[in-house]
Every structure is written in C-alpha cells, then in structure tokens.
Amino acid sequence: MENCLFCKIIAGEIPAKKVYEDDMIVVIEDIAPVAPLHFLLIPKKHTVNSLDLSPEESPVVGHVFQVAARLAVENGMAESGFRIVNNNNAGAGQSVFHLHFHLMAGRRFAWPPG
C-alpha cells in the first residue's frame, strides 16, 4: 500500500528502531510506548487487520507469537509476564491499518484491559 506507514517502514522508506526482522515479519520499538518494553510485530504482507486474514496467512500469525515469546525471554520479561495485543478497527484502538501486534512487558497490567 503506497500510503501505509508500516509498509514504508518495511520498505526502508521511513526509519524505525528495528529489533528483529526475517522474511515474514519486522519488529520495531513503539514510538509511543505504554510499557517499559513495547514492540510492534508487523507482518511484511499488507493486511488491514485480522478481519482480512486469509487462511494462507495463518503461519505468519503463529510466527508472530513465537517471535514475541522469544523476545520476551531475551529481554528478561517472560517470568514477570507480558501481553500481546492486536487491535481491529478504530473503535478498538487501531490507528495504523496494517495488521500488527503489540508486545508489552515490564509493568503490571490490569484486567479487563481498557
């Protein structure tokens, strides 16, 4: 998508602090973190949100969760706990309409989420 912020980051047109990258996803630091550790895990293929996922994209979503868990371990946050969040559409807080997941850790989280 030509006007998608995350597509531009993936293409290298906009700088971002990359934490991890492979052929399926890129992980960057969130520019407005809400936790001491706050990464965005972004599939490279443009999909608006989980409502638009095709069955062929299921392996990418599984990969996102595996990488998130590994990053939580590598950053010393696995034992204290971490949260993986995916917002779908504006009413749920989605502000960039490219499928992505938030990995957050390093503070206590409330339930239910706000």
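Following the working numbering, the numbering of the sequence shown begins with -10 at its first residue and continues without gaps. C-beta atoms are modelled at their ideal positions from N, C-alpha and C, and glycine is treated no differently. It should be emphasised that the depicted structure is a prediction, and the values quoted were computed from it without experimental measurement.
- The C-alpha of P101 lies about 26 Å from the C-alpha of D41.
- Under DSSP, E10 shares a beta bridge with V15.
- Counting only residues of its own chain and dropping the five nearest sequence neighbours on each side, Q83 has a CB closer than 8 Å to the CB of N38, N76, N77.
- For the 9 Å CB-CB criterion, A94 and A58 do not form a contact.
- Within a 10 Å sphere around the beta-carbon of V56 sit 16 or more other beta-carbons, which makes this residue buried.
- Counting C-beta atoms within 10 angstroms of its own C-beta, I17 has 16 or more neighbours from the protein chains shown and is therefore classed as buried.
- Rounded to the nearest angstrom, the gap between the Cα atoms of H87 and M(-10) is 9 Å.
- Contact fails between the stretch 63 to 70 and the stretch 42 to 49, because fewer than three Cβ pairs, one in each stretch, are under 8 Å apart.
- Put simply, the backbone Cα of I3 is about 32 Å away from that of R97.
- According to the DSSP secondary-structure assignment, F71 is paired through a beta bridge with A94.
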